[in-house]
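Protein chains in written order, with this note's numbering: chain A, 1 to 285; chain B, 286 to 570.
All C-beta atoms in this analysis are idealised placements derived from N, C-alpha and C, irrespective of residue type, glycine included.
All values derive from a computational prediction rather than experimental measurement.
Here is the structure we will look at.
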């Protein structure tokens with residue numbers, strides 16, 4: 001019912017009506033921190049999706065989002081890092097309705113949702129904020145952005161981000177050269193699932209999936225993913241168009257024989273098939 | 286800044302202040318649809334998580350959620366069906382802040398997020414609403430509920446729900462006996478991923494993954510999942526406790542040799558290992 005507030009004050013014309021009437025001292029002399037009529041008629045969370053509330057020239061600061069995402073990782077995990085960095089930046093720079101939403105909503109998504117190893121939480125955080133902003137229409141632009149973020153993740157070499165300030169939870173605890181040779185630590189996950197992404201990377205560098213090197217990797221990956229989502233959103237806001245990456249050639253071959261429309265072993269997927277079905281990549285055709 | 290509305294009106298004491306002052310006709314005689322002071326001081330979306338705003342006796346009507354989820358599936362997919370059914374029910378029966386949130390937020394999640402085949406959208410819709418309500422604390426209750434919903438999904442035989450009214454998009458188009466012998470159509474997905482869940486079921490019944498039988502299955506599955514989330518939420522609200530299902534014995538054996546803490550092939554996952562790694566279930570130990 002808060003959503004009626006703007007309407008109510010709007011119909012009253014201006015806050016002067018409140019200020020000018022003598023009902024009580026607090027009404028006659030509102031404290032400085034009380035909202036103005038313009039603020040009370042700000043866009044509300046129910047007025048979704050939110051690109052309708054952004055100025056035509058609005059763009060995100062990708063570098064600021066990346067650093068906030070890296071730092072946020074150590075406050076509440078990968079999904080929280082990406083979600084809070086993106087939403088917090090939108091709230092700080094674009095205002096309502098972003099500033100009316102809880103910044104801690106993404107904490108559930110860490111480690112592939114409550115540590116289950118499902119979709120990478122950084123990707124999920126990015127997906128949730130992209131979904132907040134971008135309108136779906138007949139050209140399926142929202143789906144294009146979501147598909148692109150997930151598909152980009154599958155093949156992007158992580159981690160890449162070099163933070164401005166190493167978080168105190170990390171400093172002095174890592175064994176791998178994150179600060180001096182980060183490119184030597186990069187691997188594409190080949191899957192958008194936390195389980196596969198983390199397990200592969202940790203095995204490749206002989207580190208624990210619950211230790212400080214894993215945390216340092218995922219903190220930087222969170223910055224990479226949040227930054228990518230911000231870049232994609234900027235491209236979309238500038239052009240109101242977006243062309244997603246297409247399925248890889250190996251997976252395309254899989255769904256040639258296993259299209260979703262088949263009644264014999266149909267496959268419903270946009271993922272890279274080889275991540276789980278490596279045994280089908282040879283001697284199967 | 287909308288979030289300041291309750292504070293402002295609260296400080297003004299009562300709507301009588303607005304009604305009693307002579308600033309304008311619209312302020313003196315508010316239209317019937319304008320919010321009351323109580324409504325303007327309702328809980329706001331930023332006051333998260335939302336169990337703090339629910340009466341101690343509040344419970345969801347599981348049957349109502351199920352039917353709404355089934356019908357909602359045909360409006361916008363599995364995630365939308367589950368999300369809108371749960372959030373819409375909370376909005377209708379508990380009010381703010383649920384009624385200040387967009388009911389269409391979940392449409393992005395259909396088919397495992399924009400059709401990508403990731404986490405089942407019905408599960409994701411349930412996860413998002415459970416996360417709205419349940420507070421995480423030192424006993425990790427929110428994580429317990431999320432883990433349980435996903436793990437339950439992996440082994441529950443879907444579909445089970447029999448709708449009160451078959452949706453017009455479905456009526457007369459299916460070939461399988463959804464209305465007369467639904468138990469003959471049930472299979473546990475063995476995975477929480479849309480891709481595996483849909484592909485396995487369609488192959489088992491020799492139907493297309495893009496045809497009306499698949500839609501009818503997933504519409505009922507959406508009702509099953511949303512209903513389960515509602516049941517779990519009721520149990521949690523009644524007891525403020527929740528014990529999640531544990532990992533299956535086969536997967537437990539996997540992580541005995543591959544714990545997350547290992548530095549040699551550590552595994553970060555709560556999923557059923559056999560879903561993707563069937564080749565490791567024999568001749569691997």
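Minimum Cβ-Cβ distance from residue i to chain A less than 8 angstroms
i: residue 520 of chain B; result: no
i: residue 389 of chain B; result: yes
i: residue 491 of chain B; result: yes
i: residue 396 of chain B; result: yes
i: residue 564 of chain B; result: yes
i: residue 374 of chain B; result: no
i: residue 377 of chain B; result: no
i: residue 536 of chain B; result: no
i: residue 552 of chain B; result: yes
i: residue 383 of chain B; result: no
Within-8 angstroms CB hit, residue i to chain B
i: residue 75 of chain A; result: no
i: residue 44 of chain A; result: yes
i: residue 79 of chain A; result: no
i: residue 276 of chain A; result: yes
i: residue 60 of chain A; result: no
i: residue 101 of chain A; result: yes
i: residue 29 of chain A; result: With a pLDDT of 46 at residue 29 of chain A, under the threshold of 50, the modelled position of this residue cannot be trusted; read the value that follows with caution. So no, residue 29 of chain A is outside the interface.
i: residue 254 of chain A; result: no
Same chain only: Cβ atoms within 8 angstroms of residue i, ignoring 5 sequence neighbours per side
i: residue 141 of chain A; result: 134, 135, 236, 240, 241, 242
i: residue 58 of chain A; result: 93, 94, 237
i: residue 365 of chain B; result: 357, 358, 389, 391, 392, 394, 395, 406, 410
i: residue 145 of chain A; result: 130, 134, 232, 233, 236, 242, 244
Proximal residues of chain A, C-beta to C-beta of residue i below 9 angstroms
i: residue 546 of chain B; result: 208, 209, 210, 211
i: residue 513 of chain B; result: Result: empty, since nearest Cβ-Cβ is about 16 angstroms, beyond 9 angstroms.
Neighbour list for residue i in chain B, Cβ cutoff strictly below 7 angstroms
i: residue 243 of chain A; result: In chain order: nothing, as chain B lies at least about 14 angstroms away.
i: residue 270 of chain A; result: 400, 401, 402
Same chain, Cβ closer than 7 angstroms to residue i, five either side skipped, listed in chain order
i: residue 437 of chain B; result: 513, 530
i: residue 12 of chain A; result: Any reading at residue 12 of chain A needs caution, since the residue's pLDDT is 32, under 50, leaving its predicted position unreliable; the model's value is listed next. Hits under 7 angstroms: none found.
i: residue 24 of chain A; result: At residue 24 of chain A, the pLDDT of 38 sits below 50, so the modelled position is not reliable and the matter cannot be decided from this model.
Chain B residues whose Cβ lies nearer than 9 angstroms to that of residue i
i: residue 186 of chain A; result: Within chain B, no residue comes near residue 186 of chain A; the closest Cβ sits about 19 angstroms away, beyond 9 angstroms.
i: residue 107 of chain A; result: 416, 421, 427
Chain-ordered chain C contacts of residue i [CB-CB under 8 angstroms]
i: residue 264 of chain A; result: No chain C appears in this structure, whose protein chains are A and B.
Between the CA atoms of residue j and residue i - distance to the nearest angstrom
i: residue 370 of chain B; j: residue 478 of chain B; result: 21 angstroms
i: residue 455 of chain B; j: residue 508 of chain B; result: 15 angstroms
i: residue 198 of chain A; j: residue 554 of chain B; result: 9 angstroms
i: residue 154 of chain A; j: residue 374 of chain B; result: 37 angstroms
i: residue 188 of chain A; j: residue 161 of chain A; result: 14 angstroms
i: residue 91 of chain A; j: residue 98 of chain A; result: 5 angstroms
i: residue 457 of chain B; j: residue 434 of chain B; result: 32 angstroms
i: residue 247 of chain A; j: residue 259 of chain A; result: 13 angstroms
i: residue 372 of chain B; j: residue 345 of chain B; result: 11 angstroms
i: residue 196 of chain A; j: residue 491 of chain B; result: 30 angstroms
i: residue 200 of chain A; j: residue 566 of chain B; result: 19 angstroms
i: residue 176 of chain A; j: residue 550 of chain B; result: 17 angstroms
i: residue 475 of chain B; j: residue 56 of chain A; result: 46 angstroms
i: residue 499 of chain B; j: residue 180 of chain A; result: 52 angstroms
i: residue 519 of chain B; j: residue 203 of chain A; result: 41 angstroms
i: residue 78 of chain A; j: residue 333 of chain B; result: 19 angstroms
i: residue 262 of chain A; j: residue 284 of chain A; result: 18 angstroms
i: residue 562 of chain B; j: residue 422 of chain B; result: 34 angstroms
i: residue 29 of chain A; j: residue 50 of chain A; result: Reliability fails at residue 29 of chain A, whose pLDDT of 46 lies under 50, so the model's placement of it is uncertain and the value that follows must be treated cautiously. C-alpha separation (whole angstroms): 34 angstroms.
Close beta carbons around residue i, own chain, < 6 angstroms, minus the five adjacent residues each side
i: residue 273 of chain A; result: 251, 254
i: residue 82 of chain A; result: 69, 122, 125, 126, 222, 225, 226
i: residue 100 of chain A; result: 45
i: residue 216 of chain A; result: 170, 174, 178
i: residue 403 of chain B; result: 397
i: residue 505 of chain B; result: 444, 446
i: residue 163 of chain A; result: 70
i: residue 218 of chain A; result: 78
Partner residues on chain B for residue i, Cβ-Cβ distance less than 8 angstroms
i: residue 56 of chain A; result: Under the 8 angstroms cutoff, chain B gives no residues; its nearest Cβ is about 22 angstroms from residue 56 of chain A.
Residues from the segment 147 to 180 of chain A in contact with chain B, defined by Cβ distance under 9 angstroms: 147, 150, 151
Using a beta-carbon distance cut-off of less than 7 angstroms, what residues from the segment 120 to 143 of chain A approach chain B? 127, 131, 136, 142, 143
For the segment 476 to 490 of chain B, enumerate the residues whose C-beta is nearer than 7 angstroms to any C-beta of chain A, in chain order. Answer set for the segment 476 to 490 of chain B: 477, 479, 480, 483, 484, 487, 488.
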